[in-house]
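Just so it is clear: in the sequence shown, position 96 is 261 by the numbering used here, and no numbers are missing.
The beta-carbon is built from N, C-alpha and C at its ideal position, and this holds for glycine as well.
Data first, discussion second: the structure below is written as structure tokens.
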Amino acid sequence: RDDISGAGDPVVAFDRDGNVFISMISIGVREFVLGSISSQVAVMNMAVATSYDGGLTWTEPQLAASGAVSTVSNIDAEGKERGTITTVDLDKPWMIVGPDPEDPDKDILYLSYTEFEQTSSVLYADELAFLSNPFLGTQIKVVASRDGGQTWGPPVAVSEQVFAGFSLAAPGQDTAQQQTGVGSFASRVVQGSQLATLSDGTLAVSWYDSTDDGNDTGLATVGFSTSTDGGTSFSRPIVAATYREAPYRLRTANFRYGALPSMAAGPGGELYIVQASRSIEDSVDDSDVFLYRSFDTGESWDPGIQVNQDDTDASQFFPQVTVGPDGIVHIMWGDQRDDPTRLKYHIYYTQSTDQGATFGFTLEDQGFTVPDTRVTDFPSNPMKGFPGGRFIGDYMALAATEEDVFLVWPDTRLGEYGGYSQQIGFARKTALEPPSLFLSPPSGSAGRVVDIQGFGFQPDSGIQLYVSGVITAQLRSDDAGQFQTSIYMPLTGEGPTEIRAFDD
């Protein structure tokens, strides 16, 4: 309520009663005083709002976890006040609902995030203060709510805290460092946590770990931990996978690309993690999609299986995995294989009916098998979605039932710039009903009034109505994708008249 702005990264979850929860980054302001310095900083918090009517209305967002600012003061040999300023920002939330392990008839709402703790020294040039020697610690944490997001428990650490930045600590000083000494540099971060819940209430958490060679270079790992007591404590973290990192930006495109893992649980307790990384055998291909599996609640993990089977040097990115209630594994990703310049991307999808051992689709009556399939009918050009093509978003998503699969992704085919204008693409396996027009009367002489109704168009979208190739009306569809209008039928030649409508 007291924060000043939202900052994106929404995640949606449903409980067993159909209530909807949405988490987000929320920006707040914290004040601090250190000696002669009196100022304020913006911090990133975690907030959650709830809808009890299917998303029509929402409660006021509640803070699930808060950022902070703190200071430590000390007096130097000249009697001047010095010290450090530490800011805590929370990033990359993920959220899930699962059964309470102590009472399976009740739900627990879990929210994970990355805590960024940056400490800077206050130095003076004459009497002008400035911050120096920033040292950054990152850690994966989880908070839990047992009352539908109204109140939240204290943050619980899942990963170890790792560090990046210069350290000027004196020899022997007790500082939290990893293999660093005087004037040395650490470059390790953890980020991008994912959650999955099992039928017995076990909570699984995975995350990206850059290792000490820094992010987007060298080797990285997927960290993993579980909780069997509703998020009160977590097991000692293990490494679920080790892989060669893909670059921060692909060679042929300029948008921010991340190799953060995606995780899902199957109905039998099996766990699946997908991420995009460089192949060990192929030094040209920036990234492929790999799947890692565990059949013992994450205690051990199989080696990675490459999911995409194209024979090109094109990059695959932003993979997502989910498992339907029937145990079928579904995976989607962005793919540049169809563009010779390796800039534009399509959305690809595949499935596995044998717990990830094989992927693809077979039409037995035709003897036809493919490893994956293209979802989109038109490619997205990242240069048309953000200035310089530097950003397309960080997420894709999919969900599955026994009957269908639903996919969403950032789509730039319309060339509309910015987060508020760029389209979110949607597809499902079952065919969508095409838009249709109903005319009353369906025929008659020119000059009379014709009532036109449209169905199945994009909701809340601009509509252009054409009669014989000439734009006749500009309308807007309602929330159900419908519209209606009346026109005077113009004088035309004898025979049928073409009436068409297009949405934005």
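Under DSSP, the beta strand (DSSP E) around residue i begins and ends at which residues?
{"i": "T657", "result": "That residue, T657, is in no beta strand (DSSP E); it is neither H nor E in DSSP."}
{"i": "Y510", "result": "Neither: Y510 is in no beta strand (DSSP E) and is coded neither H nor E."}
{"i": "L276", "result": "268-290"}
{"i": "F524", "result": "Here F524 belongs to no beta strand (DSSP E), and DSSP marks it neither H nor E."}
{"i": "L415", "result": "Neither: L415 is in no beta strand (DSSP E) and is coded neither H nor E."}
{"i": "N210", "result": "202-216"}
{"i": "P484", "result": "481-488"}
{"i": "Q356", "result": "355-362"}
{"i": "R578", "result": "Careful: R578 lies outside any beta strand (DSSP E) and carries neither H nor E."}
{"i": "L563", "result": "562-565"}
{"i": "T534", "result": "533-535"}
{"i": "P258", "result": "246-265"}
{"i": "D374", "result": "368-374"}
{"i": "A645", "result": "Premise fails: A645 is in no beta strand (DSSP E) and is neither H nor E."}
{"i": "D500", "result": "494-500"}
{"i": "A178", "result": "176-179"}
Helix, strand or coil for residue i? Go by DSSP, reduced to three states.
{"i": "M428", "result": "strand"}
{"i": "P547", "result": "helix"}
{"i": "G232", "result": "coil"}
{"i": "P299", "result": "strand"}
{"i": "G554", "result": "helix"}
{"i": "L199", "result": "strand"}
{"i": "E663", "result": "coil"}
{"i": "R539", "result": "strand"}
{"i": "S465", "result": "coil"}
{"i": "S170", "result": "strand"}
{"i": "G348", "result": "Caution applies to G348, whose pLDDT of 43 falls short of 50 and renders its modelled position unreliable; the value that the coordinates give is listed next. Here G348 sits in coil by DSSP."}
{"i": "A242", "result": "coil"}
{"i": "V308", "result": "strand"}
{"i": "D668", "result": "strand"}
{"i": "N184", "result": "coil"}
Please work out which residues of its chain come closer than 8 Å, Cβ to Cβ, to residue i, disregarding the five sequence neighbours upstream and downstream, and give them in chain order.
{"i": "I589", "result": "V573, W574, P575, D576"}
{"i": "R670", "result": "Lying outside 166 to 669, the shown extent of the chain, residue 670 is not represented and no answer is given."}
{"i": "P175", "result": "I187, S188, M189"}
{"i": "P266", "result": "D365, G366, T367, T393, D394, G395"}
{"i": "I192", "result": "D168, I169, S170, G171, A172, A207, V208, M209, N210"}
{"i": "I240", "result": "E246, R247"}
{"i": "F622", "result": "P600, I628, S642, G646, Q647, F648, A666, D668"}
By alpha-carbon positions, which one of the options ends up nearest to residue i?
{"i": "V454", "options": "E435, P468, F482", "result": "F482"}
{"i": "D503", "options": "S170, V494, E410, T477", "result": "T477"}
{"i": "Y514", "options": "R507, T487, G532", "result": "T487"}
{"i": "L293", "options": "E267, T284, E246", "result": "E246"}
{"i": "A565", "options": "G489, D272, Y631, D174", "result": "G489"}
{"i": "G433", "options": "T527, P536, D519", "result": "D519"}
{"i": "F179", "options": "I169, I192, D218, D167", "result": "D218"}
{"i": "G173", "options": "M209, T662, R181", "result": "M209"}
{"i": "A638", "options": "Q647, D644, G627, G646", "result": "G627"}
{"i": "I273", "options": "V614, Q474, R181", "result": "R181"}
{"i": "L674", "options": "A522, D291, L228, S444", "result": "A question about residue 674 goes unanswered here, because the residues of the chain that appear run from 166 up to 669."}
{"i": "S297", "options": "D291, S285, K306", "result": "S285"}
{"i": "D542", "options": "G553, S517, I512", "result": "I512"}
{"i": "R539", "options": "P505, F603, M497", "result": "M497"}
{"i": "E659", "options": "G609, G619, Y653, F620", "result": "G609"}
{"i": "F399", "options": "Y631, D381, A369, L563", "result": "A369"}
{"i": "W223", "options": "Q283, D256, V177, S545", "result": "V177"}
Near residue i, what residues of its chain come up, given a Cβ to Cβ distance below 7 Å and the 5 sequence neighbours on each side ignored?
{"i": "Q587", "result": "G550, P575, T577, E581"}
{"i": "S633", "result": "T657, T662, E663"}
{"i": "A322", "result": "Q304, K306"}
{"i": "T386", "result": "D374, T376, V404, A406, T407"}
{"i": "A429", "result": "A361, Y437, V486, T487, V488"}
{"i": "P536", "result": "Q474, T515, F524, G525"}
{"i": "Q227", "result": "A212, V213, G314, Q315"}
{"i": "D644", "result": "P624, D625"}
{"i": "E243", "result": "none"}
Give every residue of the same chain whose Cβ lies closer than 6 Å to the Cβ of residue i, excluding the five residues on either side of it in the sequence, and list them in chain order.
{"i": "Q205", "result": "V194, E196"}
{"i": "Q326", "result": "G302, Q304"}
{"i": "G379", "result": "S352"}
{"i": "A341", "result": "Low local confidence applies: a pLDDT of 38 at A341 is under 50, so the model's placement there is unreliable, and no value is given."}
{"i": "L425", "result": "G357, Y373"}
{"i": "I557", "result": "F420, P547, G550, P575"}
{"i": "A592", "result": "V540, L572"}
{"i": "G388", "result": "S324, W372, D374, P402"}
Exercise. List in chain order: all unbroken beta strand (DSSP E) runs of 3+ residues lying wholly within the segment 594-637.
Key: As far as the segment 594-637 is concerned, its whole beta strand (DSSP E) runs of at least 3 residues are 601-605, 614-620, 627-632.
Quiz prompt | Every unbroken beta strand (DSSP E) within the segment 429-461, with a cutoff of 3 residues, ordered by chain | solution = Counting whole runs of 3 or more residues, the segment 429-461 contains the beta strand (DSSP E) stretches 436-442, 453-459.
Quiz prompt | Whole runs of the beta strand (DSSP E) within the segment 386-413, excluding any shorter than 3 residues | solution = Scanning the segment 386-413 for uninterrupted beta strand (DSSP E) segments of 3 residues or longer gives 403-409, listed from N- to C-terminal end.
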